[in-house]
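Undergrad: Below you will find the structure I want to go over with you.
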DNA sequence: TTGGTAAGCTGGTATTACCATTTTACTTTT
DNA sequence: AAAAGTAAAATGGTAATACCAGCTTACCAA
């Protein structure tokens with residue numbers, strides 16, 4: 001007779017595995033029994049066991065390797081926001097919330113980066129910044145795509161996040177940026193006119209300087225203005241689209 | 001012949017479903033074909049299809065009802081941090097990162113709450129605050145458990161987060177708080193001596209006042225000090241444990 | 001010692017059958 | 001005709017078995 005008793009089998013199995021982890025009986029890196037063996041121990045078939053393993057691996061708690069086995073995963077903050085990278089159905093009000101959160105996070109991240117950054121971090125940020133300004137200017141001469149510009153811009157911002165040496169804040173910012181940019185409401189509006197982008201490049205340089213010189217408050221406020229400026233221009237575009245052309 | 005072609009079947013099915021959602025062919029509330037029918041359409045068996053559905057439902061993108069069907073879920077920020085509620089294996093350095101993130105988030109959340117709070121929000125915060133101070137004082141008279149005190153404390157802080165009316169910040173704070181408090185390193189150290197807790201209660205009252213009067217900067221700085229104080233006392237406890245008793 | 005080969009582990013998928021719950025449609029009752 | 005009850009069908013959940021695909025191991029040959 002198995003250990004499982006009530007309600008959905010797979011859920012009970014999930015609880016069973018989580019309890020083993022919480023009780024420290026199973027630690028990071030440990031291998032679970034093979035599916036056949038484990039299923040027999042629990043008194044269930046492979047199907048609900050696999051459902052449980054699937055759910056836990058989606059959460060990042062387990063990892064499965066074909067031919068190898070199933071293992072307890074190392075704690076990995078990457079999964080914090082991973083779920084949302086592909087989700088695009090956002091309402092107007094949610095987008096406002098996202099931007100509000102993004103302004104706060106970007107500014108605080110810049111501040112913390114100014115405090116914690118190493119010399120190596122500066123190098124990465126600088127490279128991304130220069131690549132970005134180059135691709136952005138080339139884009140207005142008809143060379144390259146908007147996506148390239150956005151990628152370089154993202155590298156700049158996430159490079160700053162990496163300089164905080166705080167994986168939680170990194171992942172939170174990554175989430176907020178991804179969710180926002182994947183929204184179908186902002187598909188082709190992110191890179192605006194030439195002036196606005198030159199302005200953005202200037203913002204980037206100021207932010208970089210502040211981080212390099214470890215001026216936390218300046219990094220905070222300039223970044224805050226930078227993101228607020230972006231939000232404003234996006235709002236303008238949204239107005240155009242609602243009342244204009246079509 | 002099915003639609004699926006290369007690599008892992010279940011992953012392809014996941015991509016297939018996500019693409020349908022991104023292309024707006026399937027919207028929130030829509031019902032997927034039944035497992036048998038859908039599997040036949042894709043040219044696979046039910047097993048990999050169920051694996052895909054399992055993964056997507058743990059991400060919060062699908063929801064399944066036995067006897068009913070499988071549906072596209074409404075966008076739900078709740079899943080942002082849900083994964084971590086049970087995960088407890090944290091290293092010392094990660095705990096430092098968590099506290100750093102928490103200080104930033106709690107302070108910014110308090111600030112935003114002071115800006116956006118409605119009168120109803122104040123009511124909830126006030127109730128939690130009073131319940132907390134009551135259970136905390138009772139606890140030192142030997143009545144009630146530490147867990148009750150922690151729950152009330154959590155209600156207070158999350159009530160403030162709710163007052164921001166920003167579900168992203170709410171979920172981020174919830175995540176950071178959950179991850180930190182579930183750590184096995186802090187099992188029985190959260191409620192310290194009587195003086196420290198009276199201090200915390202005073203902090204709470206100041207924070208509440210600032211939010212009620214919509215004084216953003218005061219809410220920010222008092223909350224920042226509140227969390228920093230907690231971190232300090234926890235560090236002291238950690239020292240004791242490392243060099244002391246055992 | 002080195003290299004490869006084969007056996008046996010592992011998870012991944014297919015098939016079939018049956019159970020549990022929900023939905024639907026029909027019948028019965030009022 | 002409307003309401004209530006009941007049976008049938010549809011759907012997800014589980015079981016059992018078999019086989020495929022990738023990895024590990026051990027053993028053998030050079």
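Residue numbers (full-length UniProt numbering), protein chains in the order written: chain V, 1 to 246; chain F, 1 to 246. For each residue, glycine too, the CB sits at the ideal point set by N, CA and C.
Listing by chain order, which chain V residues have their CB less than 8 Å from the CB of residue 136 of chain F?
TA: Taking the second chain and counting its residues from 1, the one referred to as residue 136 of chain F is at position 136. None at all; the shortest Cβ gap to chain V is about 26 Å.
Undergrad: Can you name the start and end residues of the alpha helix (DSSP H) that residue 206 of chain V belongs to?
TA: In the first chain, the residue the question calls residue 206 of chain V occupies position 206. First-last of the alpha helix (DSSP H) with residue 206 of chain V: 194-212.
Undergrad: Name the two residues that bound the continuous beta strand (DSSP E) containing residue 72 of chain F.
TA: Here residue 72 of chain F refers to the residue found at position 72 of the second chain. From DSSP, the beta strand (DSSP E) with residue 72 of chain F extends over 69-72.
Undergrad: What is the residue span of the alpha helix (DSSP H) that residue 9 of chain F lies within?
TA: For the purposes of this step, residue 9 of chain F is taken as the residue at position 9 of the second chain. Looking at the DSSP string, the run of the alpha helix (DSSP H) that includes residue 9 of chain F is 9-22.
Undergrad: With residue 149 of chain F as the anchor, note down where its alpha helix (DSSP H) starts and where it stops.
TA: The residue given as residue 149 of chain F occupies position 149 in the second chain. Run containing residue 149 of chain F: 146-163, per the alpha helix (DSSP H) assignment.
Undergrad: Work out the CA separation of residue 122 of chain V and residue 162 of chain V for me, nearest whole Å.
TA: Position 162 of the first chain, counted from the first residue, corresponds to residue 162 of chain V. Position 122 of the first chain, counted from the first residue, corresponds to residue 122 of chain V. Using only the alpha carbons, I get a separation of about 10 Å.
Undergrad: Helix, strand or coil for residue 62 of chain V per DSSP?
TA: Here residue 62 of chain V refers to the residue found at position 62 when the first chain is read from its first residue. In the three-state reduction of the DSSP assignment, residue 62 of chain V falls in the strand class.
Undergrad: Use the C-beta contact count for residue 142 of chain F: other C-beta atoms within 10 angstroms, 16 or more gives buried, fewer gives exposed.
TA: By 1-based counting over the second chain, the position of residue 142 of chain F is 142. Residue 142 of chain F comes out exposed.
Undergrad: CB-CB under 7 Å to residue 52 of chain F, same chain, minus the five flanking residues each way: which ones, in chain order?
TA: In the second chain, residue 52 of chain F corresponds to position 52, counting from 1. Residues of the same chain with a CB within less than 7 Å of the CB of residue 52 of chain F, apart from the 5 flanking positions on each side, are 10, 13, 14, 17 in chain order.
Undergrad: Consider the Cβ of residue 169 of chain V: report whether some Cβ of chain F lies at a distance smaller than 8 Å.
TA: Indexing the first chain from 1 puts residue 169 of chain V at position 169. Chain F contact via Cβ: present.
Undergrad: Quick one: Cα of residue 69 of chain F to Cα of residue 38 of chain F, how far?
TA: As a position in the second chain, residue 69 of chain F is number 69, starting the count at 1. As a position in the second chain, residue 38 of chain F is number 38, starting the count at 1. Spanning the two alpha carbons is a distance of roughly 12 Å.
Undergrad: How far does the alpha helix (DSSP H) with residue 130 of chain F in it reach, from first residue to last?
TA: Taking the second chain and counting its residues from 1, the one referred to as residue 130 of chain F is at position 130. Unbroken alpha helix (DSSP H) run through residue 130 of chain F: 119-140.
Undergrad: Taking the alpha helix (DSSP H) that residue 42 of chain V belongs to, which residues open and close that run?
TA: Residue mapping note: residue 42 of chain V aligns to position 42 of the first chain, counting from 1. Per DSSP, residue 42 of chain V belongs to the alpha helix (DSSP H) from 35-42.
Undergrad: In chain order, what residues of the same chain lie with their CB nearer than 6 Å to the CB of residue 31 of chain F, ignoring the 5 residues before and after it?
TA: Residue numbering aside, residue 31 of chain F sits at position 31 when the second chain is read from its first letter. Answer for residue 31 of chain F: 69, 71, listed in chain order.
Undergrad: With distance defined between alpha-carbon atoms, name the residue in F:43, F:231, F:54, F:41 nearest to residue 47 of chain V.
TA: On the first chain, residue 47 of chain V is found 47 positions in, with the first residue counted as 1. Looking at the Cα atoms, F:54 is the closest of the given residues.
Undergrad: Can you find a C-beta in chain F that's less than 8 Å from the C-beta of residue 11 of chain V?
TA: Looking up residue 11 of chain V in the first chain gives position 11. Residue 11 of chain V does not count as touching chain F.
Undergrad: Using a C-beta cutoff of 8 Å, does residue 172 of chain V count as contacting chain F?
TA: Numbered from 1 along the first chain, position 172 holds the residue referred to as residue 172 of chain V. Yes, contact with chain F.
Undergrad: Taking the alpha-carbon positions, what's the residue 280 of chain F to residue 220 of chain F distance?
TA: Any question about residue 280 of chain F goes unanswered here, given that chain F covers just 1 to 246.
Undergrad: On a Cα-Cα basis, can you pick out the residue from F:58, F:21, F:214 that is closest to residue 251 of chain F?
TA: Chain F is shown from 1 up to 246; residue 251 of chain F falls before or after that span and cannot be answered.
Undergrad: Counting only C-beta atoms, is residue 44 of chain V closer than 8 Å to chain F at any point?
TA: Along the first chain, one-based indexing puts residue 44 of chain V at 44. So no, residue 44 of chain V is outside the interface.
Undergrad: Please check the pair residue 164 of chain F and residue 109 of chain F, which I expect to be a contact at CB under 8 Å, by giving their CB distance rounded to whole angstroms.
TA: What you label residue 164 of chain F is simply residue 164 of the second chain in a count that begins at 1. What you label residue 109 of chain F is simply residue 109 of the second chain in a count that begins at 1. With 8 Å as the limit, residue 164 of chain F and residue 109 of chain F qualify as a contact, their Cβ atoms being about 6 Å apart.
Undergrad: Should residue 117 of chain F go down as buried or exposed, given a rule of 16 or more other Cβ atoms within 10 Å for buried?
TA: To locate residue 117 of chain F, count along the second chain from 1; it is residue 117. So residue 117 of chain F ends up on the buried side.
Undergrad: Going by DSSP, name the residue or residues bridged to residue 31 of chain V.
TA: One-based indexing of the first chain puts residue 31 of chain V at position 31. Note: residue 31 of chain V sits in a beta bridge opposite V:71.
Undergrad: If you measure between the beta carbons of residue 102 of chain F and residue 36 of chain F, is that distance less than 8 Å?
TA: Locating residue 102 of chain F in the second chain gives position 102, where the first residue counts as 1. Locating residue 36 of chain F in the second chain gives position 36, where the first residue counts as 1. Not in contact: residue 102 of chain F and residue 36 of chain F (Cβ atoms no closer than 8 Å).
Undergrad: Within 8 Å (strictly less), CB to CB, does residue 223 of chain V reach chain F?
TA: Looking up residue 223 of chain V in the first chain gives position 223. It does not: the Cβ of residue 223 of chain V has no partner Cβ on chain F nearer than 8 Å.
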